[in-house]
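These notes are about the structure you will find just below.
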Amino acid sequence: MTEIPKAYEPQSVEDKWYDFWQKHGCFTADPKSAKPAYSIVIPPPNVTGMLHMGHVLNNTIQDILSRKARMDGKEVLWLPGTDHAGIATQVQVEKALKKEERKTKYDLGREEFLKRVWVWKEKHGGIIINQLKKLGCSCDWSRERFTMDADYSRCVQKVFVELYKKGLIYRGKRMVNWCPVSQTALSDEEVEMKPQKGFMYHFKVQVAEKVGQASRLPSAEGAKENSDANAARSLGRRDACPTLVDARLTDTWLTIATTRPETIPGDTAVAVNPKDPRYAHLIGKHIVRPLPIQLPREQKLIPIIGDDHVDFEFGTGVLKVTPAHDKADFEIGARHKLPLVDIMNANGTMNDLAGDSLAGLDRFEARKIAVERLKELGVLVEEKPYENNVGYSQRADVPIEPRLSEQWFLKYPAVAQSKACVEQEGSADFQIGSMGNDEASRFGNRRSAKMRFHPQRWAKVYDHWLTNIQDWCISRQLWWGHRIPVWYRGNEIYCGLETPQGEGWQQDPDVLDTWFSSWLWPFATMGWPEQTPTLKKFYPTTDLVTGPDIIFFWVARMIMAGYEFMGEPQFALPDAMPFRNVYFTGIIRDKQGRKMSKTLGNSPDPLVLIAQYGADALRFGTMRSAPLGQDVLFDEKDVELGRNFCNKLWNACRFRQMVGGTTGNEEGRMKNEEGATAAEPSTFNLQPPTFEVQGEINPALLTSDDKWILLKLDAAIREVSTALADYKFSEATAALYKFFWSEYCDWYVEASKAVFFSSSRGNEAQTEKTETSQSLLKSAAAGEVDARKANTLAVIDFVLSHTLRLFHPFLPFITEELWHGMGYSTDMPENQGGKTIMFAPWPKAFDADMKEAYGLGDSDLELAQAKYHLVTEGRNLRRVGNIQAGKKVKFIFKPAVAVTPHDAEVIRLLLNAEALEIVADHASKKGTPTARTPLGDLFLPLEGLIDVAAETVRLTKELEKIQAEIAKVESKLGNPGFVAKVPASVLDEHRQRLADWQGKLTHAQESLDALKG
RNA sequence: GCGCGGUUAGCUCAGUGGUAGAGCAUUACCUUGACACGGUAGGGGUCGGAGGUUCAAACCCUCCACCGCGCACCA
31 MTEIPKAYEP QSVEDKWYDF WQKHGCFTAD PKSAKPAYSI VIPPPNVTGM
81 LHMGHVLNNT IQDILSRKAR MDGKEVLWLP GTDHAGIATQ VQVEKALKKE
131 ERKTKYDLGR EEFLKRVWVW KEKHGGIIIN QLKKLGCSCD WSRERFTMDA
181 DYSRCVQKVF VELYKKGLIY RGKRMVNWCP VSQTALSDEE VEMKPQKGFM
231 YHFKVQVAEK VGQASRLPSA EGAKENSDAN AARSLGRRDA CPTLVDARLT
281 DTWLTIATTR PETIPGDTAV AVNPKDPRYA HLIGKHIVRP LPIQLPREQK
331 LIPIIGDDHV DFEFGTGVLK VTPAHDKADF EIGARHKLPL VDIMNANGTM
381 NDLAGDSLAG LDRFEARKIA VERLKELGVL VEEKPYENNV GYSQRADVPI
431 EPRLSEQWFL KYPAVAQSKA CVEQEGSADF QIGSMGNDEA SRFGNRRSAK
481 MRFHPQRWAK VYDHWLTNIQ DWCISRQLWW GHRIPVWYRG NEIYCGLETP
531 QGEGWQQDPD VLDTWFSSWL WPFATMGWPE QTPTLKKFYP TTDLVTGPDI
581 IFFWVARMIM AGYEFMGEPQ FALPDAMPFR NVYFTGIIRD KQGRKMSKTL
631 GNSPDPLVLI AQYGADALRF GTMRSAPLGQ DVLFDEKDVE LGRNFCNKLW
681 NACRFRQMVG GTTGNEEGRM KNEEGATAAE PSTFNLQPPT FEVQGEINPA
731 LLTSDDKWIL LKLDAAIREV STALADYKFS EATAALYKFF WSEYCDWYVE
781 ASKAVFFSSS RGNEAQTEKT ETSQSLLKSA AAGEVDARKA NTLAVIDFVL
831 SHTLRLFHPF LPFITEELWH GMGYSTDMPE NQGGKTIMFA PWPKAFDADM
881 KEAYGLGDSD LELAQAKYHL VTEGRNLRRV GNIQAGKKVK FIFKPAVAVT
931 PHDAEVIRLL LNAEALEIVA DHASKKGTPT ARTPLGDLFL PLEGLIDVAA
981 ETVRLTKELE KIQAEIAKVE SKLGNPGFVA KVPASVLDEH RQRLADWQGK
1031 LTHAQESLDA LKG
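In terms of my numbering, the first sequence opens at residue 31 and continues consecutively.
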């Protein structure tokens, strides 16, 4: 007989089964299958990234959904892949290059550098994929995609060309978010606002009146065609402002407030609100720009303009306008045709136009120097600490610099459709709970229905974003990414998939934003633009599982791309939306609620956890602590809980093996440590089980415990199925946990020992004493005993085989191991994966026929429940009597209803009693600890005395508690409104409760009296 | 400023109008033929505050406080 170890050892099990699944093609989706489709595309992790807890949460959920769908009989495609992650990967390689070779990418040149990135990708790209496999993810690896695969790249370029031809992609000189570290433009979404401590500087400037020809002054410059183009044209390599030569100083000074004095050399106007009585009369005059300091007569003059944008309550009411370095100022500049003076370099240092004292300095260093210059000039009026929000580059974590540059932009397509397709909370067709556990609600019948977000509240965020979107800056000044399919020759421009014919064409040096490739993910991975079988079968996908942090970056854009490119007639889709449901996970935080981050070092390595506790434990722990859409505080304790749970499951199966080896005799008993040797396989392995699976349950032999556990199983199947259909993973795990541990193990397994260990001998010990007990308890015939044992085994097999299936989506490895080890797989038909729990049917809740066949009814539930209640009360008597848990004692039971021998034996066993003496008319001595229950009264006769004082205190306290409860219920029942309006069932419940409490009151009072007497 | 979450046991969190729940931690007892990664029994909560609706409120409504997160920002 193969011994199985006492504790579950995941390490030796997990790789074995993962290999098995892969070898048998269990994860491979077949587009030709007749089964209904279920599909998920993975949010592609960064190709060179490492698995973190966020991935664990995310991918465990996807795996649960996929595995559940397979068991539901769906043809499942979980499509995996990785993202080239433009900036992130390029930065990684640049860092390595610097560290290892002390070189920059420029030293290598574009071509060579890209070779290095590919080498890097090949070397590190597989890591995260293998980590996902360790976690148990059932992705179809035969379809793994990378956003820079040749065919994927073609999709990206095709999309670019199409959108260009539609006029949705255009090139323009605009204000963009510039990252001086990465030296590239960024989209608005890649900018994060952060509060920053700095200073608000007030400085004064002198007003001048023009004397020269008006035409030389910018304020008088005639309006030209388009402001954008105009502004772009006037972007200076030189500072075009007029000088003091043209004007005369006055005695008037204006005070200006700014947080960025280093940009003064780029100012080309000051603005006031035309409605501001303090300054309105100055509009049209000029001021002398204090920086850069120049010879007095060459000091630049800039106009005072009136603009409604200026808030005259803020600062001094005078705004310096720096059109080349501030988005709002740029717009003011455009309105007033101001020249642009760009005083910075791409790397965030100041250029020559900033003046000798600032040129070459970093922008923050320049700020300090500019302040000093203002002090020297005697114009700095005030300098006070100030906190404002500054846009940071998400990637490089430095303040972005608004910068005018030539970039490619996309006017978002299909915005209206994308907005309309997502169901908003409170909309007519949205009903909470409409999901039910009907699988159709998640896929089949939702053709015309809307896309649903879970939790729903994100729909509002999504809607708000779509309402306010600006054009998307899609070009990046990077090397790693999809090259923009545009070529230039002189003034000619060509956009197409192939390099244009002829000499002298130069391709645009920029690449596309990473998200410009990932927004095509749901269909580009399935073979778009061809109508592949995969695309036909699996698009639109069923579920998307991702974090809310990329709702704009990715989710919204995928929806738009779906409508734009899958909405074309040849795909003949009733609705081109890329997915039916979007589940937003929470964000994993550490115990203190901080985000996981590398710098804090608070992010545990999931692989270490897997090695320590097992992948199933990690999955279970994560799911158990991750409620719908709420952030998750990660605690290793949760994983420990998962491990403990796996161990419990393991041992429950060991128990089955022990009692089932040979029915009931001593040889069937399992040995402990000394039985197993190191040479023996430490797992069930694939060997045939050592016992026969008991297939048939004989309804006639079912005990109250059997019926109880079957009904509890039924409830668990319902709960878990419903919870999963509603994406409530923590609820599902909680239900499973409760069923398996608190119901099956704690009660059923313990009760079953009455059948296996003591049914043939136990009753005699307790029946000698009285006639009554003899008439109640007839000793069973030997054959009957064996039949009963077999039947109990059948119930156990039934429950375990269902339980393993319920657990499989959560705990794929241990359930597969036990499925084979217990021999349940032999019950399942052959399928594509051979014998595996992966394709075993998802348990169905019992229907009326089944309940009738097994004779299951509510009364069975109540009987067993009453029995367990009696046991709990009885165990309490030990405490009252100050008797140790392990000490064998005799209880006396005075039944109120007829009790079967089996039930009596269960009570004895669970009480850990030496004997349970059944006396129909027992009259106890005063002071005997007594438990009164609907099933009957239980007495613990004591030889010694109980601690009267302590017991008096306890009883008094209990009495008070009971009285309080009674008062509560009585006041309700005494309330005419309550009685009149409440449904009868509720009323009955309350009456029952009152009766219960009153019974307890009487008992407690009697006990107290007995103590005193 | 606008919007969204949250506030329930020592901790982390469930709980959609009718007896306040779980896990961890904690106390006592138990190594009893699956499991000490275990078992048994306990202790611990005026459900952030104030009003309102209701026969009945942790739950619905209003206001307030505090914590967190988005979005938008004025130099």
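Glycine included, every Cβ here is placed at the ideal spot set by N, Cα and C. Quick caveat, the model's predicted, so the values are computed rather than measured.
Cβ pair residue i, residue j closer than 7 Å
i, j, result
"residue 873", "residue 907", "no"
"residue 116", "residue 544", "yes"
"residue 503", "residue 118", "no"
"residue 426", "residue 292", "no"
"residue 572", "residue 610", "yes"
"residue 123", "residue 106", "no"
"residue 750", "residue 740", "no"
"residue 300", "residue 317", "yes"
Option nearest residue i by Cα separation, candidates the options
i, options, result
"residue 180", "513, 379, 172", "513"
"residue 754", "92, 848, 338", "92"
"residue 926", "905, 855, 675, 968", "968"
"residue 619", "652, 327, 403", "652"
"residue 482", "495, 510, 453", "453"
"residue 956", "686, 502, 176, 1042", "1042"
"residue 576", "86, 57, 42, 43", "86"
"residue 1", "993, 881, 648", "Outside the modelled stretch of the chain, which goes from 31 to 1043, sits residue 1, for which no answer is possible."
"residue 534", "519, 547, 540, 312", "519"
"residue 335", "357, 364, 327", "364"
"residue 876", "744, 1034, 816", "744"
"residue 582", "660, 670, 531, 449", "449"
"residue 773", "815, 829, 822, 433", "829"
"residue 234", "988, 646, 345", "345"
Residue i, buried or exposed, once every other Cβ within 10 Å from all chains shown has been counted against 16
i, result
"residue 710", "In this prediction, residue 710 scores a pLDDT of 29, lower than 50, which makes its location untrustworthy; no coordinate-derived value is stated."
"residue 1001", "exposed"
"residue 1039", "exposed"
"residue 287", "buried"
"residue 431", "buried"
"residue 596", "buried"
"residue 82", "buried"
"residue 478", "Its pLDDT being 43, under 50, residue 478 is placed unreliably in this model, and the value from its coordinates should be taken loosely. So residue 478 ends up on the exposed side."
"residue 252", "Note on residue 252: pLDDT 35, under 50, position unreliable in the model; the coordinate value appears next. Result: exposed."
"residue 552", "buried"
"residue 798", "With a pLDDT of only 38 at residue 798, under the threshold of 50, the placement of this residue in the model should not be trusted, and no figure is reported."
"residue 88", "buried"
Host alpha helix (DSSP H) of residue i (start-end)
i, result
"residue 1038", "1014-1042"
"residue 120", "116-131"
"residue 651", "645-654"
"residue 969", "Taken as a continuous stretch (DSSP letters only), residue 969 belongs to no alpha helix (DSSP H), being part of the beta strand (DSSP E) at 966-969."
"residue 590", "587-596"
"residue 980", "978-1003"
"residue 234", "Careful: residue 234 lies outside any alpha helix (DSSP H), inside the beta strand (DSSP E) at 221-240."
"residue 52", "41-53"
"residue 519", "Segment 516-519 is the beta strand (DSSP E) holding residue 519; no alpha helix (DSSP H) there."
The ligand MG heavy atom lying under 6 Å from the CB of residue i
i, result
"residue 186", "The model on display carries no ligand, and the ligand MG is accordingly not part of it."
N-terminal and C-terminal residue of the beta strand (DSSP E) that residue i is part of
i, result
"residue 416", "410-423"
"residue 482", "482-484"
"residue 435", "431-440"
Problem - Unbroken stretches of the beta strand (DSSP E), 3 residues or longer, contained in the stretch 291-340 - result: 299-302, 316-318, 331-336
Practice task
With a floor of 3 residues, list each beta strand (DSSP E) that falls wholly inside the stretch 884-959, ordered by position along the chain.
Solution key: 920-925, 945-948
Exercise for the section: Could you name each continuous beta strand (DSSP E) segment of 3 residues or more that falls completely within the stretch 55-104, going from the start of the chain to the end? Expected result: 67-71
Practice task
Could I get the ranges of all uninterrupted alpha helix (DSSP H) runs contained in the stretch 162-207, with 4 residues as the minimum, in chain order?
Solution key: 180-195
Handout entry: Start-end ranges of the alpha helix (DSSP H) lying completely within the stretch 482-513, minimum 4 residues
Key = 488-497
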